[in-house]
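Everything below concerns the one structure shown next.
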Amino acid sequence: MKRVVLKQAIDHKPRADDFDLIETDTPPCPEGGVLARTVYLSLDPYVGSRLRGRHMGEAPPEPMVGAIPGAVVAQVIESQADGLTAGDWIQSMEGGWEETCAIAGEHCRKIDANVAPLSAHAGVLGMPGLTAWAGITQLAKAGEGDIVLVDAAAGPVGGTVGQIARIKGASHVVGIAGGPEKCALVENTYGFDACIDYKAHGWQDALGQALPDGLTVFFENVSADMAMLALTHAQIYARGVLCGLVDAYHTESQSQHPLNAGLIIGKRAQLSGLVVYDFYDRWSEYVAEAAPWIAAGKLNFAEDRAEGLENAPTLFERLMDGQNIGKAVVAVAAEEA
Ligand SMILES: NC(=O)c1ccc[n+]([C@@H]2O[C@H](COP(=O)([O-])OP(=O)(O)OC[C@H]3O[C@@H](n4cnc5c(N)ncnc54)[C@H](OP(=O)(O)O)[C@@H]3O)[C@@H](O)[C@H]2O)c1
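Residues 59 to 395 (the numbering used here) make up the sequence shown, in order.
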């Protein structure tokens, strides 16, 4: 079977030519686990940090041996896991960039292939969607009348944040994204009231005009600077979710991200750090709530898709450079076996 590996250990932002496609033996089905064929592979920003040993203390894969780690939507080929049989569909955060994954039973979440398009389980119903839901409903507790700002708004986290906020009753939802194509997606497909292109001249004034009454909730995906900018537009008692600092994932030395404490005090703001791991045990609850939103056309998603495992490195480089438009997902195999 085919597997994507690192050619050698890296300490830089991953590029497509850091990876190699190798042929290796299909692993046996692990005791208590499953062997599953990878159908969709999710590419996520944290993997770039993990490959250079910068993510939550998790080790990078061994060069030329270990598969690049990644979340997968896969179909069980063989099972020794309770509650799973051949043919079942699973989502797992413990898959990899390989055609066949051997996964421990406790890391498999059985999914219903009929509630939404299968690839949705890599994005809007997968880890990014759960992150959005956790942050906007459980931490920020967004509801009636909230005015919400989110950056990286064209991506699966940001785009889902704004749409769920709206579903929960937010009166005004504004996004920030890089470039006109992303902003069009945010406004036309995700239905935000406005999306500000931070690469355009005068964007900070445009942001102020898009938030005439300020904001009550902000959701930070990009940087401490952006979080502080959001705070300048905040009403008092605003809530902020600190979800990601993607702008600093590949800087030379990891910055200390100074926050303006006086501004936080003056705004009486509540800031919450978010780690999605804390919400994995609520995944089924999220999918049960969100799948009907997708079916009803209230929760939309977009994909930046590559076909074939061999094209994962190129799409990953696009993601690392922030050029992805929508959820970065690789179609590794046909849904029909
Ligand atoms: N805390 C958690 O548990 C958790 C879980 C999942 C994800 N996250 C975080 O949530 C954020 C969004 O994740 P996502 O999967 O939805 O990603 P994404 O939005 O698909 O991709 C990241 C986006 O960040 C923006 N960006 C801004 N500065 C960048 C830079 N210097 N390099 C690369 N990209 C840059 C780009 O969009 P623009 O061009 O529009 O700026 C890029 O497309 C990330 O920070 C991620 O790490 C956190």
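Using N, Cα and C, we set each Cβ at its ideal position, and we do this for glycine too.
Practice prompt. Would you mind working out which of I322, W155, S150 sits nearest Y338, comparing C-alpha positions?
Written response: S150
Worksheet item: Just how far apart, CA to CA, sit P119 and R108?
Response: C-alpha of P119 to C-alpha of R108: approximately 9 Å in a straight line.
Practice prompt. Give the straight-line distance between the Cα atoms of S137 and V334, rounded to the nearest whole angstrom.
Written response: 28 Å
Item to complete: Can you say whether H179 is buried or exposed, counting buried as having 16 or more other CB atoms within 10 angstroms of its CB?
Response: buried
Discussion item. Just verifying my parser: in three-state terms, what is the DSSP assignment at S281?
Written reply: coil
Practice prompt. Below 8 Å CB to CB, which residues in the same chain sit around L197 once its five sequence neighbours on both sides are set aside?
Written response: The residues are R297, V299, S330, L332.
Practice prompt. Just the C-alpha distance for K182 and D263, rounded to the nearest angstrom, thanks.
Written response: It is worth fixing the name first, because residue 182 is Val in this sequence and not Lys. Answer to the nearest angstrom: the Cα atoms are 31 Å apart.
Discussion item. Can you tell me where the alpha helix (DSSP H) holding F374 begins and where it ends?
Written reply: 370-378
Worksheet item: When every heavy atom of ligand 1 is checked, does at least one fall within less than 8 Å of the C-beta of I234?
Response: Within the cutoff, so yes.
Worksheet item: What are the residues that DSSP puts in a beta bridge with V390?
Response: Looking at the DSSP output, V390 bridges to nothing.
Discussion item. I'd like the list of long-range same chain contacts for W261, defined as Cβ closer than 7 Å, with 5 residues on each side in sequence excluded.
Written reply: I254, D255
Worksheet item: Cα-Cα, which of K65, Y98, P371, A327 is closest to A391?
Response: Y98
Worksheet item: Taking the Cβ atom as the reference point for each residue, do D305 and V280 lie within a distance shorter than 9 Å?
Response: yes
Discussion item. Just to confirm, is the Cβ distance from A348 to G187 under 9 Å?
Written reply: yes
Practice prompt. Assign E278 to one of two classes, buried (16 or more other C-beta atoms within 10 Å of its C-beta) or exposed (fewer than that).
Written response: E278 sits buried, since 16 or more C-beta atoms from the chains shown fall within 10 Å of its C-beta.
Fill in: Cβ separation of L273 and A292, assumed to be a contact under 8 Å, to the nearest whole Å
6 Å
Worksheet item: Can you give the Cα-Cα distance for A132 and Q66, rounded to whole angstroms?
Response: Going from the Cα of A132 to the Cα of Q66 covers about 28 Å.
Item to complete: Can you tell me which of V244, G213, T309, A144 puts its alpha carbon nearest to the alpha carbon of R376?
Response: G213
Fill in: Beta-carbon separation (whole angstroms), N382 vs Y248, contact threshold 8 Å
Between N382 and Y248, the beta carbon gap of about 15 Å keeps them out of contact (Cβ cut-off 8 Å).
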